[in-house]
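For the record, the sequence lines run as chains A and B.
Numbering of the first sequence is given in the working numbering, commencing with residue 1 and proceeding in unit increments.
Numbering of the second sequence is given in the working numbering, commencing with residue 1001 and proceeding in unit increments.
By construction, the Cβ of each residue, glycine as well, lies at the ideal position given by its N, Cα and C atoms.
Protein chains: 2
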Amino acid sequence: MASHPFDEAIRLDGTDPAWSRGHTSPAWANMVGPFGGMTAAILMRAVENHPERLGDPVALTVNYAAPVGDGAFDIAVKCVRRNRSNQHWLVDLWQDDEVKTNATAVFGHRRDTWSDTERPPLSVPEPDRIEPSGLPEVIVWARNYEMRYVEGAIPARGAEPGPSSTTTLWARDRLGRPPDFASLTALSDIFYPRVFLRRGAPCPAGTISLTTYFHADAAELSAVGDDFLLCRAHANRFARGYFDQSAEIWSRAGELLVTSHQLVYFKT
Amino acid sequence: MASHPFDEAIRLDGTDPAWSRGHTSPAWANMVGPFGGMTAAILMRAVENHPERLGDPVALTVNYAAPVGDGAFDIAVKCVRRNRSNQHWLVDLWQDDEVKTNATAVFGHRRDTWSDTERPPLSVPEPDRIEPSGLPEVIVWARNYEMRYVEGAIPARGAEPGPSSTTTLWARDRLGRPPDFASLTALSDIFYPRVFLRRGAPCPAGTISLTTYFHADAAELSAVGDDFLLCRAHANRFARGYFDQSAEIWSRAGELLVTSHQLVYFKT
Chain A
1 MASHPFDEAI
11 RLDGTDPAWS
21 RGHTSPAWAN
31 MVGPFGGMTA
41 AILMRAVENH
51 PERLGDPVAL
61 TVNYAAPVGD
71 GAFDIAVKCV
81 RRNRSNQHWL
91 VDLWQDDEVK
101 TNATAVFGHR
111 RDTWSDTERP
121 PLSVPEPDRI
131 EPSGLPEVIV
141 WARNYEMRYV
151 EGAIPARGAE
161 PGPSSTTTLW
171 ARDRLGRPPD
181 FASLTALSDI
191 FYPRVFLRRG
201 APCPAGTISL
211 TTYFHADAAE
221 LSAVGDDFLL
231 CRAHANRFAR
241 GYFDQSAEIW
251 SRAGELLVTS
261 HQLVYFKT
Chain B
1001 MASHPFDEAI
1011 RLDGTDPAWS
1021 RGHTSPAWAN
1031 MVGPFGGMTA
1041 AILMRAVENH
1051 PERLGDPVAL
1061 TVNYAAPVGD
1071 GAFDIAVKCV
1081 RRNRSNQHWL
1091 VDLWQDDEVK
1101 TNATAVFGHR
1111 RDTWSDTERP
1121 PLSVPEPDRI
1131 EPSGLPEVIV
1141 WARNYEMRYV
1151 EGAIPARGAE
1161 PGPSSTTTLW
1171 ARDRLGRPPD
1181 FASLTALSDI
1191 FYPRVFLRRG
1201 APCPAGTISL
1211 TTYFHADAAE
1221 LSAVGDDFLL
1231 CRAHANRFAR
1241 GYFDQSAEIW
1251 SRAGELLVTS
1261 HQLVYFKT
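Put into structure tokens, the structure is as follows:
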């Protein structure tokens, strides 16, 4: 059986745990270079693959320092510190003897503690009551997802500026691949730039730094199966060339799986 | 004139721009080791001091890999990438030949673009209508701030668990030092752990990773002078030993200066 396009794209080869080699995947192309969410997923997977990795991811910050070109790349993984409960990792993506992307990751052992989801669940129509749509065909990576927009779909040609930067959508892997930490990492960057929605039109924009916090454990993830996940993002301030974005990803059962934040460059 | 305790604490010495030496400051002590916000401020300042630094900070992620001990430390600063508008930096704090804290920082040139603050301003009483309070005396660093809690002050002995993790306070430097990017960095960590508020009691807790986005430019900061800043924080989910916190810092004039997020370890 052919492997899934996501698993193809995050495949890393090599026998030295500190270095592995991957390749950009045409199925995950963005307008220029690869989808940033896939790059983040690959950096996360590189840590997951390391034989000394303990526990599950709890925090990941990816810095998009320079454009990743199409083709091969090398990933360097290094454990900076470990203690009884956590590990701190540094990960770099290299191409042409230069760092193109760098990341820090925290992995940890989850323990039984008092737990509570304080963020109120989103009140939205069920996905089967919403028309499937997506992003324009030219955004190749988006074809890997089934997307049903509750609000804030990408502005059509001739759209007016709007007062809200909020997008809410149901999304799932088009081929039914169940979520894991790597695919949740990619999903946390599924939102087109918020400035498009406010301005009613696309403009140059790109993520500079992406931070994702993982609240779910492996058991919660495996319960999702091939069901839709509910994804919402909004911006807080657009100021002189940069804006921030905060996002959340929920299971249909009402579990907050991920909160994620990014700082985005824009020009308009 | 004696220098201000904040400037004392972030002072870095050395002639090699890639390495500088600092010392923890008794005035900024936490229960154990230094205040994490001050450690973040020092890492930010180390980049600001570098002769090749261009523009202002836009994003900073600090990973608290191991406890910083009282005494001297060395800071390593390295520019990973630069382009026309941004610089990506790596910063490490070393003690005893080990990395205790590491950070990534993005600096950038701000440009004239369309701008808007979408986050609604907070509606709270003015600071002169609120009783000054603070954190318990044992938390030494907190004595550097004048704090006026609108809601969510630290639970008193015998407090009950509560339904909200939100704290809102007016804060300013007790000696009237006007804010700069380093002091805003420290301020983004001024909130005691949200789990205390939900549980009605302290428990072991510590920040693992702190990300701060800077929306203000130097002109906005200088307009603040010695006035209070409005600070709010809340948690989204507490799950099996970790929770996230999101925070915002506003000027009294209604400018959103900073949004900040952290992932915190806890045990209860």
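In terms of Cα proximity to Lys1100 of chain B, the closest of B:Tyr1064, B:Ala1072 and B:Ile1010 is B:Tyr1064. Short of 8 Å from the beta carbon of Met1031 of chain B, and not among the five residues preceding or following it, lie these beta carbons of its own chain, in chain order: Val1138 and Ile1139. Among the residues of chain B, those whose CB is under 7 Å from the CB of His261 of chain A are Thr1211 and His1261, following chain order. Chain A places no beta carbon closer than 8 Å to that of Val1077 of chain B, leaving this residue out of the contacts. At a cut-off of 8 Å between C-beta atoms, Asp1173 of chain B does not count as an interface residue with respect to chain A. From the beta-carbon of Ala59 of chain A, the residues of chain B found nearer than 7 Å are Ile1208, Ser1209 and Leu1263. If you ignore the 5 residues before and after Gly1037 of chain B, its C-beta comes within less than 6 Å of the C-beta of Ala1186 and Asp1189, all in its own chain and listed in chain order. Closer than 8 Å to the CB of His1088 of chain B there is at least one CB belonging to chain A. Note that the C-beta distance between Cys1231 of chain B and Leu1135 of chain B is not below 8 Å. Listed along chain B, the residues sitting closer than 7 Å to Arg81 of chain A by beta-carbon distance are Ala1065, Ala1066 and Val1099. With the criterion set as a beta carbon lying under 9 Å from some beta carbon of chain B, the members of the stretch 108-121 of chain A are Gly108, His109, Arg110, Arg111, Asp112, Thr113, Trp114, Ser115, Asp116, Thr117, Glu118 and Arg119, in sequence order.
When the beta-carbon positions are compared, Ala46 of chain A and Ser20 of chain A come within less than 8 Å of each other. By the criterion of at least three beta-carbon pairs nearer than 8 Å, the stretch 1120-1127 of chain B is not in contact with the stretch 1086-1101 of chain B. Within the stretch 1011-1035 of chain B, no residue has its Cβ closer than 7 Å to any Cβ of chain A. Annotated three-state conformation of Gly1036 of chain B is helix, per DSSP.
In the DSSP assignment, Asp7 of chain A falls within the alpha helix (DSSP H) that extends over Pro5 to Ala9. In this structure Pro1179 of chain B is buried. Its beta-carbon is surrounded by 16 or more other beta-carbon atoms within 10 angstroms. Taking the CA atoms as reference points, Ala1219 of chain B sits about 44 Å from Asp217 of chain A. Among the CB atoms of chain A, none fall inside 8 Å of the CB of Asp1227 of chain B. Within the DSSP bridge table, the entry for Thr212 of chain A names A:Leu60 and A:Ser260 as partners.
Nearest CB-CB separation between Tyr145 of chain A and chain B: not below the 8 Å threshold.
DSSP places Leu1093 of chain B in the strand class (E or B) of the three-state scheme. Comparing C-alpha distances from Tyr1242 of chain B to each of A:Tyr145, A:Phe6, A:Leu93 and A:Trp114 shows the shortest one belongs to A:Trp114. In the structure shown, the three-state DSSP call for Val1068 of chain B is coil. Excluding its 5 nearest sequence neighbours in each direction, His1004 of chain B has C-beta neighbours in its own chain below 7 Å: Leu1175 and Arg1177, listed in chain order. Within the DSSP bridge table, the entry for Tyr192 of chain A names no partner. Here the stretch 1155-1170 of chain B makes no contact with the stretch 1044-1059 of chain B; the two share fewer than three CB pairs at distances below 8 Å. Counting only runs of 3 or more residues that sit fully inside the stretch 79-164 of chain A, the beta strand (DSSP E) segments are 86-95, 98-108 and 145-151, in chain order. Secondary structure note for Ser1025 of chain B: it is in no beta strand (DSSP E), with a DSSP letter that is neither H nor E. DSSP, reduced to helix, strand and coil, places Asn236 of chain A within a strand of the structure shown.
With a beta-carbon spacing of about 6 Å, Glu1118 of chain B and Ser165 of chain A fall inside the 8 Å limit used to define contacts. By the Cβ-count criterion, Gly22 of chain A is buried, with 16 or more other Cβ atoms from all chains shown falling within 10 Å of its own Cβ.
Taking each of A:Ile249, A:Arg81, A:His261 and A:Ala205 in turn and checking the Cα distance to Pro121 of chain A, the smallest one comes out for A:Ile249. Using a Cβ-Cβ cut-off of 8 Å, Phe1238 of chain B counts as an interface residue toward chain A, since at least one Cβ of chain A sits closer than that to its own.
For Thr185 of chain A, the enclosing alpha helix (DSSP H) stretches over residues Phe181 to Leu187.
For the set A:Ala27, A:Ala66 and A:Leu93, the Cα lying nearest the Cα of Leu12 of chain A is the one of A:Leu93.
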